[in-house]
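There are 2 protein chains.
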Amino acid sequence: MSDRVERPRVGHIQFLNCLPIYWGLMRSGALLDVDLRKDTPDRLNAALVAGDLDIGPISLVEYLRHADELLLLPGLAVGSDGPVLSVNLVTSRPLAELDGRPVALGSTSRTGVLLAQMLLADKYGAEPEYFRCPPDLTQMMMEADAGVLIGDPALRAMHETPRDLTVIDLGQAWREWTSLPMVFAVWAVRKDFAAAHPGVVKEVHEAFQRSRDLCLDELDTVAEAAARWEPFDALTLANYFRALDFSLGRRQVEGLREFARRAAARGAAPALPPDGPVFAQV
Amino acid sequence: MSDRVERPRVGHIQFLNCLPIYWGLMRSGALLDVDLRKDTPDRLNAALVAGDLDIGPISLVEYLRHADELLLLPGLAVGSDGPVLSVNLVTSRPLAELDGRPVALGSTSRTGVLLAQMLLADKYGAEPEYFRCPPDLTQMMMEADAGVLIGDPALRAMHETPRDLTVIDLGQAWREWTSLPMVFAVWAVRKDFAAAHPGVVKEVHEAFQRSRDLCLDELDTVAEAAARWEPFDALTLANYFRALDFSLGRRQVEGLREFARRAAARGAAPALPPDGPVFAQV
Numbered sequence: 026m027s028d029r030v031e032r033p034r035v036g037h038i039q040f041l042n043c044l045p046i047y048w049g050l051m052r053s054g055a056l057l058d059v060d061l062r063k064d065t066p067d068r069l070n071a072a073l074v075a076g077d078l079d080i081g082p083i084s085l086v087e088y089l090r091h092a093d094e095l096l097l098l099p100g101l102a103v104g105s106d107g108p109v110l111s112v113n114l115v116t117s118r119p120l121a122e123l124d125g126r127p128v129a130l131g132s133t134s135r136t137g138v139l140l141a142q143m144l145l146a147d148k149y150g151a152e153p154e155y156f157r158c159p160p161d162l163t164q165m166m167m168e169a170d171a172g173v174l175i176g177d178p179a180l181r182a183m184h185e186t187p188r189d190l191t192v193i194d195l196g197q198a199w200r201e202w203t204s205l206p207m208v209f210a211v212w213a214v215r216k217d218f219a220a221a222h223p224g225v226v227k228e229v230h231e232a233f234q235r236s237r238d239l240c241l242d243e244l245d246t247v248a249e250a251a252a253r254w255e256p257f258d259a260l261t262l263a264n265y266f267r268a269l270d271f272s273l274g275r276r277q278v279e280g281l282r283e284f285a286r287r288a289a290a291r292g293a294a295p296a297l298p299p300d301g302p303v304f305a306q307v
Numbered sequence: 026m027s028d029r030v031e032r033p034r035v036g037h038i039q040f041l042n043c044l045p046i047y048w049g050l051m052r053s054g055a056l057l058d059v060d061l062r063k064d065t066p067d068r069l070n071a072a073l074v075a076g077d078l079d080i081g082p083i084s085l086v087e088y089l090r091h092a093d094e095l096l097l098l099p100g101l102a103v104g105s106d107g108p109v110l111s112v113n114l115v116t117s118r119p120l121a122e123l124d125g126r127p128v129a130l131g132s133t134s135r136t137g138v139l140l141a142q143m144l145l146a147d148k149y150g151a152e153p154e155y156f157r158c159p160p161d162l163t164q165m166m167m168e169a170d171a172g173v174l175i176g177d178p179a180l181r182a183m184h185e186t187p188r189d190l191t192v193i194d195l196g197q198a199w200r201e202w203t204s205l206p207m208v209f210a211v212w213a214v215r216k217d218f219a220a221a222h223p224g225v226v227k228e229v230h231e232a233f234q235r236s237r238d239l240c241l242d243e244l245d246t247v248a249e250a251a252a253r254w255e256p257f258d259a260l261t262l263a264n265y266f267r268a269l270d271f272s273l274g275r276r277q278v279e280g281l282r283e284f285a286r287r288a289a290a291r292g293a294a295p296a297l298p299p300d301g302p303v304f305a306q307v
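So the sequence lines, in the order shown, correspond to chains X and S. Going by my numbering, the first residue of the first sequence is number 26, and it counts up by one from there. Going by my numbering, the first residue of the second sequence is number 26, and it counts up by one from there.
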């Protein structure tokens, strides 16, 4: 890493879904080699696109919207091959009956809300009246018939669903719909940074891969350590961490492409190039 | 720690002098148990006093000014028993000749600047015209005959002293003057937080002690890891870390009391109570 004195500015999602990755970065000592900026996914998306971060996780749809400026880090993602537990459509009516009804889109979600919109339109023929809303279930359901919620509030909703509400796990819904894994977020590096500092990108990528592998070996320990402070017990957390898929293999890339195709068809993002997504050389 | 769900808000000095402590917190896994807020010493001082932090390092003089709201964590400090390398008075004239001359006080320093003022007044009979200034040596010396600089810029000044300037190590100067170790910063907890959450305070204190001990065992490794990114080589960093005294034993407390006595005599801080400083029960 002799090509740069400053530590790379690397994003980290301050949600439980990325806690295992943080655990790995901490235990492996890699935290000393990055200037880690913890924040919510939407703010990290904006920071990476604005060039305030060099490398970081980014919502899949935001990656698709800025694919010309970014390269993906191979092998890394946040997704699920079935239930994800923390990307949920909470509804008070059957989905087909949401047509024309108010549906709240949690302001912290990008890919999850688009997935919900695709699912409602293409599978249930429903075009609700969507509006943005802070990610609070009670507030959402006061004004809407359904709401899309991600992250820790969504996980809580999954475990403490109020009566008369149904929780649709959007990872599971995608799997049933397409037979493919869902990729909610990827790790990307800015093209300009990758061109200037290829060695740093390679090292950060290796550090994240190592962290991911290390935390997968220690998931029960991570869950126990986290349960001391989080509003979930260790077993719930361990089940959650095991539901998450941090890999980006052949099938996950297929799922990513399928999502990209449908997003482009809706006009929600430009189409991926035929050979996309483009990965960083690491 | 069942008495509180939220992680304690703990300060961390984002300077090289506290990097070994961070290393220990990282390697021991304790980072998962605290909401660590990294910042400059002056901003951490303000945050602890304002109640925006529960526990954290604080400049000795700021502790003295707010001792009625704070309890010290036993055994922990940042100081030196001789040269500290990173709290410096840089001067273009002999110290006794600074009387009536402009002297710049680096805006990031609290205890260091007071120590310099004591030393100049009481040992050299000099009462300069002091003014606050950003911690940049070049800017300081354009407007002043001497300047007080702490932290990484001070460490750089020590290693790359411009011609015609003399660097006085204020840790060493204090040692020669009083035969005592100098304590520049202590760790404190807010009294209200300690009363409400004694278990958390005990655990954070243990985590810091463990981190300190762990990093002392691995100082060369810490120095090598840090040298990749910092403008100092591993040997310089290891020497710096070894110059620092992270303990707060009997002699260090004597040094602290002596400083408090002199600060009170100057009217720079209230006097410590006869049995002070008051420690947290851990």
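Built from N, CA and C at the ideal position, the CB exists for glycine as well. These numbers come from a predicted model, not from an experiment.
Original post:
For a contact meaning CB atoms closer than 7 Å, what does X:M167 contact in chain S?
Top reply: Below the 7 Å Cβ cutoff, chain S contributes no neighbours of X:M167, its closest Cβ being approximately 26 Å away.
Original post:
For S:T163, is the classification buried or exposed, using 16 other Cβ atoms within 10 angstroms of its Cβ as the cut-off for buried?
Top reply: It counts as exposed.
Original post:
Within 10 angstroms of its Cβ, does X:Q306 collect 16 or more other Cβ (buried), or is it exposed?
Top reply: Flag for X:Q306 reads exposed.
Original post:
At a Cβ threshold of 9 Å, is X:Y47 touching chain S?
Top reply: Yes, its Cβ sits closer than 9 Å to a Cβ of chain S.
Original post:
Taking Cβ-Cβ distances below 9 Å as the criterion, which residues of the stretch 250-282 of chain S are in contact with chain X?
Top reply: Residues passing the 9 Å Cβ filter: A250, A251, R253, W254, E255 and P256.
Subject >> S:R32: contacting residues in chain X (beta-carbon distance under 7 Å) >> reply: The answer, in chain order, is W254.
**OP:** Report the rounded CA-to-CA distance for X:P3 versus X:D161, giving the unit in angstroms.
**Re:** Chain X is shown from 26 up to 307; residue 3 of chain X falls before or after that span and cannot be answered.
**OP:** Anything in chain X within Cβ reach of S:D58, meaning under 9 Å, just list it in chain order.
**Re:** By Cβ distance, chain X contributes A250, R253 and W254.
Subject >> Distance, X:A285 Cα to S:D245 Cα >> reply: Rounded to whole angstroms, the separation of the alpha carbons of X:A285 and S:D245 is 49 Å.
Original post:
Does any residue of chain X bring its CB to less than 9 Å from the CB of S:G81?
Top reply: Between S:G81 and chain X, the shortest Cβ-Cβ separation is not below 9 Å.
Original post:
Can you tell me where the alpha helix (DSSP H) with S:Y149 in it begins and where it stops?
Top reply: Boundaries cannot be given for S:Y149, as no alpha helix (DSSP H) includes it and DSSP labels it neither H nor E.
Subject >> Bridge partner(s) assigned by DSSP for S:R34 >> reply: S:D60, per the DSSP bridge assignment.
**OP:** Please name the residue, chosen from X:Q39, X:G104 and X:K216, that lies closest to X:L96 on a Cα-to-Cα basis.
**Re:** Checking every option, the nearest Cα to that of X:L96 belongs to X:K216.
Original post:
CB S:Y155 to CB S:L120, shorter than 9 Å?
Top reply: Annotated as distal: S:Y155 and S:L120, with beta-carbon spacing of 9 Å or more.
Original post:
Counting contacts by CB-CB distance shorter than 9 Å, is X:R181 in contact with chain S?
Top reply: No, its Cβ sits nowhere closer than 9 Å to a Cβ of chain S.
Subject >> Straight-line Cα distance separating X:G196 from X:V103 >> reply: A straight-line Cα-Cα distance of about 11 Å links X:V103 and X:G196.
**OP:** Please confirm if S:M207 has its CB atom under 9 Å from at least one CB of chain X.
**Re:** Not one chain X Cβ lies under 9 Å of S:M207.
Original post:
What are the boundary residues of the alpha helix (DSSP H) that S:R215 is part of?
Top reply: No alpha helix (DSSP H) contains S:R215, which is instead part of the beta strand (DSSP E) from M207 to R215.
**OP:** List the residues of chain X that S:R52 touches, going by C-beta distances under 7 Å, in chain order.
**Re:** Chain X residues near S:R52: G54.
Subject >> Inter-residue Cα distance where the pair is S:E231 and S:A169 >> reply: Answer to the nearest angstrom: the Cα atoms are 44 Å apart.
Original post:
Can you list, in chain order, the residues of its chain whose CB lies under 7 Å from that of S:G107, leaving out five sequence neighbours each side?
Top reply: Excluding sequence neighbours, S:G107 sits near G196, Q197 and R200.
**OP:** State the beta-bridge partners of S:D170 as determined by DSSP.
**Re:** BP columns for S:D170 are empty, so no partner.
Original post:
In whole angstroms, what separates the C-alpha of X:V35 from that of S:E249?
Top reply: Going from the Cα of X:V35 to the Cα of S:E249 covers about 21 Å.
Original post:
Which residues does DSSP pair with X:F304 in a beta bridge?
Top reply: Beta-bridge analysis with DSSP links X:F304 to X:L97.
Original post:
Under three-state DSSP, which class holds S:F257?
Top reply: Three-state result, S:F257: coil.
Original post:
When the Cβ atoms of the stretch 114-130 of chain X are set against those of the stretch 187-194 of chain X, are three or more pairs found closer than 8 Å?
Top reply: Because the criterion of three Cβ pairs below 8 Å is met, the stretch 114-130 of chain X and the stretch 187-194 of chain X touch.
**OP:** Would you kindly work out how many angstroms separate the C-alpha atoms of S:G76 and X:G301, rounded to a whole number?
**Re:** Take the alpha-carbon of S:G76 and the one of X:G301: they are about 50 Å apart.
Original post:
Considering only residues of the same chain and omitting the five flanking positions on each side of S:L56, which have a CB-CB separation below 8 Å?
Top reply: Close CB contacts of S:L56 within its chain, under the 8 Å cut and outside five residues either way in sequence, are with L50 (chain order).
Subject >> Sequence-distant residues of the same chain with beta carbon closer than 8 Å to S:L260, five excluded per side >> reply: Excluding residues up to 5 positions away in sequence, A248 lie with their Cβ nearer than 8 Å to the Cβ of S:L260 in the same chain.
Subject >> X:G176 vs X:T133 beta-carbon contact at 9 Å >> reply: Yes, the pair counts as a contact, with Cβ atoms nearer than the cut-off.
**OP:** Return helix, strand or coil for S:S84, following the three-state DSSP convention.
**Re:** Three-state DSSP puts S:S84 in a strand.
Original post:
I think S:A268 touches S:V59, with their Cβ atoms under 8 Å apart; what is that distance to the nearest whole Å?
Top reply: The beta-carbon distance between S:A268 and S:V59, rounded to whole angstroms, is 27 Å. This is too long to meet the 8 Å contact definition.
Subject >> As assigned by DSSP and simplified to three states, the class of X:T163 >> reply: If DSSP states are grouped into helix, strand and coil, X:T163 belongs with the helices.
Subject >> the stretch 128-145 of chain S touching the stretch 271-283 of chain S, judged by at least three CB pairs closer than 8 Å >> reply: Because the criterion of three Cβ pairs below 8 Å is not met, the stretch 128-145 of chain S and the stretch 271-283 of chain S do not touch.
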